[in-house]
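Chemist: Residue numbers (the working numbering), protein chains in the order written: chain E, 1 to 217; chain F, 218 to 295.
Heads up, the beta-carbon is just placed ideally off N, CA and C, and yes, glycines get one too.
The structure under discussion is supplied below as structure tokens; questions concerning it will follow.
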């Protein structure tokens, strides 16, 4: 298992300075299957959030999101720790007015994380950040189906042995939505990892069938 | 699979609200009241939906030819 890159060149008063203890913790938390989700936290993004979560967990990945951290530590420091413990990242630049996503994308790129970048409308992000002309940006055009399709293609290239059909992923997404609707606010308050674990227990205990993932774990 | 390609019902669950809530609490570390609430909701959901009854998974065709395209291609060749 390759150990993650952990910046040790920042001075102690720098916001991204990591003490020896924290560096040890990052090394312990690091997982090649970890994926950092750099996405907006908004009510109108919920369907996309479910689409991303249901797809990445179908591929056996462990999603990490900034909203799951509720400690008192400085937010950026916590986010940076989370980024370092993942090898992959997903960034959605659809919300042009929010600068957190492009800012975090910059950090992820600087640390050499493999990124899947999407945006809602074609060339919209490039108009604002022309530096992003470096490579592929995928456009979901505000369609959950298109997002699942392009994300799945990207994941399929990385994990060919875990590949599954789009039908499976769409069914999985619909079931996640059904569960989310039934659980209401309780679902929204859980971290992605908690949701993943909760669904695994529910699958086993209540025989709830969630397509995908079965052949991985 | 039944003759119509519909998955037969899975074994009925023997899980209880308490046992599942305990797993949520012990394995995920969720607070007890939340674990109980979630377990109750899952219990209701499991009763309401027959998860096992669904169409079998269909693979996406590996090439671009859909059934309709193949049919039309056959028709043109005749």
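List the residues of chain E that residue 237 (chain F) touches, going by C-beta distances under 8 angstroms, in chain order.
Modeler: For this step, residue 237 (chain F) is matched to residue 20 along the second chain. By Cβ distance, chain E contributes 201, 202, 205, 206.
Chemist: Applying the criterion that 16 or more other CB atoms from any shown protein chain within 10 Å of the CB defines a buried residue, is residue 94 (chain E) buried or exposed?
Modeler: Your numbering for residue 94 (chain E) matches position 94 in the first chain. So residue 94 (chain E) ends up on the buried side.
Chemist: Could you pull the start and end residues of the alpha helix (DSSP H) that residue 46 (chain E) belongs to?
Modeler: Indexing the first chain from 1 puts residue 46 (chain E) at position 46. Note, residue 46 (chain E): alpha helix (DSSP H), 46–58.
Chemist: Starting from residue 182 (chain E), find everything on chain F with Cβ-Cβ shorter than 7 angstroms and list it in chain order.
Modeler: If you number the first chain from 1, residue 182 (chain E) lands on position 182. Correct list: 258, 262.
Chemist: Determine the DSSP secondary structure at residue 114 (chain E), reduced to helix, strand or coil.
Modeler: Counted from its first residue, the first chain places residue 114 (chain E) at position 114. Shown here, residue 114 (chain E) sits in a strand according to DSSP, grouped into three states.
Chemist: Take residue 50 (chain E) and list the residues in its own chain whose beta-carbon comes closer than 7 angstroms to its own, dropping the five residues that flank it on each side.
Modeler: As a first step, residue 50 (chain E) must be located in the first chain, where it is residue number 50. The answer, listed in chain order, is 173, 176, 177, 180.
Chemist: Using 10 angstroms around the beta-carbon of residue 64 (chain E), count the other beta-carbons present and answer buried if the total reaches 16, otherwise exposed.
Modeler: Residue numbering aside, residue 64 (chain E) sits at position 64 when the first chain is read from its first letter. Flag for residue 64 (chain E) reads buried.
Chemist: If distances are taken between C-alpha atoms only, which option among E:41, E:48, E:36 comes closest to residue 62 (chain E)?
Modeler: Indexing the first chain from 1 puts residue 62 (chain E) at position 62. If we check each option's Cα against that of residue 62 (chain E), E:36 comes out closest.
Chemist: When the Cα atoms are used, what is the spatial distance from residue 260 (chain F) to residue 203 (chain E)?
Modeler: As a working note, residue 260 (chain F) is residue 43 in the second chain. As a working note, residue 203 (chain E) is residue 203 in the first chain. Cα-Cα distance, rounded: 12 angstroms.
Chemist: Quick check: is the beta carbon of residue 243 (chain F) nearer than 8 angstroms to any beta carbon in chain E?
Modeler: Translated into positions along the second chain, residue 243 (chain F) becomes position 26. No, no contact with chain E.
Chemist: Can you look up residue 164 (chain E) in the DSSP assignment and give me helix, strand or coil?
Modeler: Taking the first residue of the first chain as 1, we reach residue 164 (chain E) at position 164. Of the three classes helix, strand and coil, the one that applies to residue 164 (chain E) here is coil, per DSSP.
Chemist: To be precise: take each residue of the segment 166–180 of chain E, compare its Cβ to all Cβ atoms of chain F, and keep it if any distance is under 9 angstroms. Which residues remain?
Modeler: 166, 167, 168, 171, 175, 178, 179
Chemist: Is the CB-CB distance between residue 114 (chain E) and residue 96 (chain E) below 8 angstroms?
Modeler: As a working note, residue 114 (chain E) is residue 114 in the first chain. As a working note, residue 96 (chain E) is residue 96 in the first chain. No, the pair does not count as a contact, with Cβ atoms beyond the cut-off.
Chemist: Quick check on residue 82 (chain E) - is its C-beta less than 8 angstroms from some C-beta in chain F?
Modeler: Mapped onto the first chain, residue 82 (chain E) falls at position 82. Between residue 82 (chain E) and chain F, the shortest Cβ-Cβ separation is not below 8 angstroms.
Chemist: Taking 8 angstroms as the threshold (beta carbon to beta carbon), is residue 33 (chain E) in contact with chain F?
Modeler: What you label residue 33 (chain E) is simply residue 33 of the first chain in a count that begins at 1. Not closer than 8 angstroms to any Cβ of chain F, the Cβ of residue 33 (chain E) fails to qualify, so no.
Chemist: Let me check understanding here. Comparing Cα to Cα, which of E:55, E:119, E:152 lies closest to residue 139 (chain E)?
Modeler: Translated into positions along the first chain, residue 139 (chain E) becomes position 139. Looking at the Cα atoms, E:119 is the closest of the given residues.
Chemist: Thinking C-beta only, is residue 5 (chain E) closer than 8 angstroms to residue 112 (chain E)?
Modeler: Counted from its first residue, the first chain places residue 112 (chain E) at position 112. Counted from its first residue, the first chain places residue 5 (chain E) at position 5. Between residue 112 (chain E) and residue 5 (chain E), the C-beta spacing is below 8 angstroms.
Chemist: Who are the neighbours of residue 198 (chain E) on chain F, taking C-beta pairs under 7 angstroms?
Modeler: Residue mapping note: residue 198 (chain E) aligns to position 198 of the first chain, counting from 1. Contacts between residue 198 (chain E) and chain F, judged by CB atoms closer than 7 angstroms, involve 241, 245, 255 in chain order.
Chemist: Using a Cβ-Cβ cut-off of 7 angstroms (strictly less than) and excluding sequence neighbours within five positions of residue 210 (chain E), which residues of its own chain qualify?
Modeler: Taking the first residue of the first chain as position 1, residue 210 (chain E) is located at position 210. Closer than 7 angstroms at the Cβ level, and outside the excluded window around residue 210 (chain E), lie 172, 175, 199, 203.
Chemist: Hey, is the segment 73–93 of chain E in contact with the segment 183–197 of chain E, meaning 3+ C-beta pairs nearer than 8 angstroms?
Modeler: no
Chemist: Pick out whichever of E:142, E:57, E:110 has its Cα sitting closest to the Cα of residue 162 (chain E).
Modeler: Taking the first chain and counting its residues from 1, the one referred to as residue 162 (chain E) is at position 162. For residue 162 (chain E), the nearest C-alpha among the options comes from E:57.
Chemist: Is the Cβ of residue 136 (chain E) closer than 8 angstroms to any Cβ of chain F?
Modeler: For the purposes of this step, residue 136 (chain E) is taken as the residue at position 136 of the first chain. No, its Cβ sits nowhere closer than 8 angstroms to a Cβ of chain F.
Chemist: May I have the straight-line CA-CA distance separating residue 100 (chain E) from residue 137 (chain E), to the nearest angstrom?
Modeler: What you label residue 100 (chain E) is simply residue 100 of the first chain in a count that begins at 1. What you label residue 137 (chain E) is simply residue 137 of the first chain in a count that begins at 1. Those two C-alpha atoms are separated by around 18 angstroms.
Chemist: Return the chain-ordered list of same chain residues with a C-beta closer than 6 angstroms to the C-beta of residue 208 (chain E), the five sequence neighbours on each side being excluded.
Modeler: Position 208 of the first chain, counting from 1, holds the residue named residue 208 (chain E). If we look at residue 208 (chain E) and ignore the five residues flanking it on each side, its Cβ neighbours are 202.
Chemist: For residue 42 (chain E), which residues from the same chain have a beta carbon less than 8 angstroms from its beta carbon, with the 5 sequence-adjacent residues on both sides left out?
Modeler: Translated into positions along the first chain, residue 42 (chain E) becomes position 42. Contacts found: 95.
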